[in-house]
Structure formats: C-alpha cells, structure tokens
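Right, one structure below, let's go through it.
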Amino acid sequence: MKRALTAALAVLLIAGMPAFAEEESPVSEAITFVVSTGFWEEPAEADGDAAAAAAEKTTAEKPAPRRGYYKLIAVRQQDGTAQIHLQQIEATAKGPKIVSSTVLDEFSALKPYVTDIRPENSSGVTTQPGLFATVHLKTDPKATEPESWTVLIDDLGEIKIERATN
Numbered sequence: 001m002k003r004a005l006t007a008a009l010a011v012l013l014i015a016g017m018p019a020f021a022e023e024e025s026p027v028s029e030a031i032t033f034v035v036s037t038g039f040w041e042e043p044a045e046a047d048g049d050a051a052a053a054a055a056e057k058t059t060a061e062k063p064a065p066r067r068g069y070y071k072l073i074a075v076r077q078q079d080g081t082a083q084i085h086l087q088q089i090e091a092t093a094k095g096p097k098i099v100s101s102t103v104l105d106e107f108s109a110l111k112p113y114v115t116d117i118r119p120e121n122s123s124g125v126t127t128q129p130g131l132f133a134t135v136h137l138k139t140d141p142k143a144t145e146p147e148s149w150t151v152l153i154d155d156l157g158e159i160k161i162e163r164a165t166n
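Mapping of the sequence shown onto this note's numbering: residues 1 to 166, in sequence order.
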C-alpha cells in the first residue's frame with residue numbers, strides 16, 4: 001500500500017512539472033543585456049485647462065517635475081546579432097512608466113554581436129542629468145576583442161553614439 005501511494009505521488013509530481021516550464025516569463029529570452037542608468041528631469045506638463053492654470057497661479061504651488069531614468073536593452077535577433085533599444089522611464093507613484101522607446105539605428109547598421117553593456121558607474125547614483133554607457137560589441141563573431149561604443153545623452157536630451165576612444 002505504501003509503495004503504491006509513493007508511486008502515485010511520484011507520478012503526480014512528475015506530471016505537474018511541465019506546467020512550471022510552460023509558464024510565460026515576464027522577460028523575453030531574447031534579451032541579453034539590460035542597463036538602467038542616468039537620470040532625466042523636466043517640468044510637469046501643463047494640462048491646457050485655463051481654469052486649472054489660473055487656480056495653480058493663485059495657490060503658487062508648482063507641480064512636481066517629472067523624473068526618471070534610462071534603460072539600454074540588447075535584444076538578440078534570429079541571426080545572432082542584436083538590436084539596441086533605448087527607453088526613457090518615468091518614475092511615478094504607481095511605478096515605472098515607459099515614456100519613450102526606440103531602436104538605436106546606429107547600432108543596427110553595424111549588425112553587432114553585443115558582448116556587454118556597462119553604465120558609467122555602478123553606484124546607481126549619477127550627479128549629472130543624462131546618460132553615459134558603453135556598449136561592447138563585435139561586428140565579426142570570430143573577432144578576439146570587442147569594440148567599445150559610447151551612448152551619451154546630454155542634459156538637453158540629445159543622443160550621441162560614437163566609437164569609444166581611450
């Protein structure tokens with residue numbers, strides 16, 4: 001009896017295991033690197049309502065500025081190369097909110113094999129608004145050493161991508 005119960009329990013456990021493997025992950029398996037770094041800040045958007053604007057002026061309270069950070073994401077393509085996505089994320093009371101998301105065509109033109117993405121520093125704190133990160137990539141997967149490319153966003157939001165110089 002004990003043996004039959006143990007066997008039945010083992011069958012039930014084994015039958016239930018594939019359910020764990022089939023659950024959908026919240027993160028795609030094609031994402032090879034993600035770096036959250038830098039910060040941005042801009043004045044809160046006006047809602048265009050004249051009555052609200054007048055009330056705002058009388059209370060002399062300014063709405064809190066919008067703030068957030070950036071993400072660089074390497075997404076592996078079927079041919080093994082990667083697309084680099086840049087996202088601007090707003091930090092809201094309800095949690096992170098994507099403000100903008102774009103593929104960086106400068107990298108797509110290279111058909112890169114991304115080997116790493118690094119922020120300017122790993123402390124999580126930057127003193128200047130903007131973003132500075134380094135993308136390490138190979139244009140030939142058999143190359144020994146990767147190339148380094150910098151992604152820079154200045155305090156005005158201008159994006160600059162160039163090969164790193166030492």
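By construction, the Cβ of each residue, glycine as well, lies at the ideal position given by its N, Cα and C atoms. Keep in mind it's a predicted model, so treat the numbers as computed, not measured.
Determine the burial state of residue i: buried for a count of at least 16 other Cβ atoms within 10 Å of its Cβ, exposed for fewer.
{"i": "Pro112", "result": "buried"}
{"i": "Gln88", "result": "buried"}
{"i": "Leu86", "result": "buried"}
{"i": "Val151", "result": "buried"}
{"i": "Ala50", "result": "With a pLDDT of 49 at Ala50, under the threshold of 50, the predicted position of this residue should be treated as unreliable, though the coordinate-derived value follows. Answer is exposed; the Cβ neighbour count stays below 16."}
{"i": "Thr37", "result": "buried"}
{"i": "Leu131", "result": "buried"}
{"i": "Ile98", "result": "exposed"}
{"i": "Val27", "result": "exposed"}
Let me make sure I understand the geometry here. Which of the options has the alpha-carbon closest to that of residue i?
{"i": "Gln78", "options": "Trp40, Ala30, Pro96", "result": "Ala30"}
{"i": "Leu72", "options": "Thr144, Glu120, Gly95, Lys94", "result": "Glu120"}
{"i": "Leu110", "options": "Glu61, Phe39, Ile161", "result": "Ile161"}
{"i": "Pro141", "options": "Val114, Asp154, Val27", "result": "Val114"}
{"i": "Val104", "options": "Ile159, Thr127, Tyr69", "result": "It is worth fixing the name first, because residue 104 is Leu in this sequence and not Val. The shortest Cα separation from Leu104 among Ile159, Thr127, Tyr69 belongs to Ile159."}
Once you ignore the five residues that flank residue i on each side, which residues in its own chain have a CB closer than 6 Å to its CB?
{"i": "Arg180", "result": "It is not possible to answer for residue 180, since the shown part of the chain is limited to 1 through 166."}
{"i": "Pro96", "result": "Ile89"}
{"i": "His136", "result": "Thr115, Asp116, Pro146, Ser148"}
{"i": "Pro43", "result": "Pro65"}
Going by DSSP in three states, residue i sits in which element: helix, strand or coil?
{"i": "Glu106", "result": "helix"}
{"i": "Ala51", "result": "Residue confidence for Ala51 is low, a pLDDT of 47 falling below 50, so the modelled location carries little weight and cannot support an answer."}
{"i": "Val27", "result": "coil"}
{"i": "Glu158", "result": "coil"}
{"i": "Gln77", "result": "coil"}
{"i": "Glu120", "result": "coil"}
{"i": "Thr126", "result": "coil"}
{"i": "Pro43", "result": "coil"}
{"i": "Glu147", "result": "strand"}
{"i": "Pro96", "result": "strand"}
{"i": "Ala32", "result": "Reading the sequence as shown, one finds Thr at residue 32 and not Ala. Thr32 falls in the strand class under three-state DSSP."}
{"i": "Glu61", "result": "coil"}
Please return the same chain residues whose Cβ sits closer than 7 Å to the Cβ of residue i, not counting the five positions on each side in sequence.
{"i": "Val75", "result": "Ala30, Ile31, Ala82, Gln83, His85"}
{"i": "Ile153", "result": "Gly38, Tyr70, Gly130, Leu131, Ile159"}
Enumerate in chain order the residues of its own chain whose CB-to-CB distance from residue i is below 8 Å, with the five nearest sequence positions on each side excluded.
{"i": "Gly80", "result": "Tyr113, Pro141"}
{"i": "Thr155", "result": "Residue 155 is actually Asp in this sequence, not Thr. Hits under 8 Å: Gln128, Pro129, Gly130."}
{"i": "Phe33", "result": "Leu72, Ile73, Ala74, Val114, Asp116, Ile117"}
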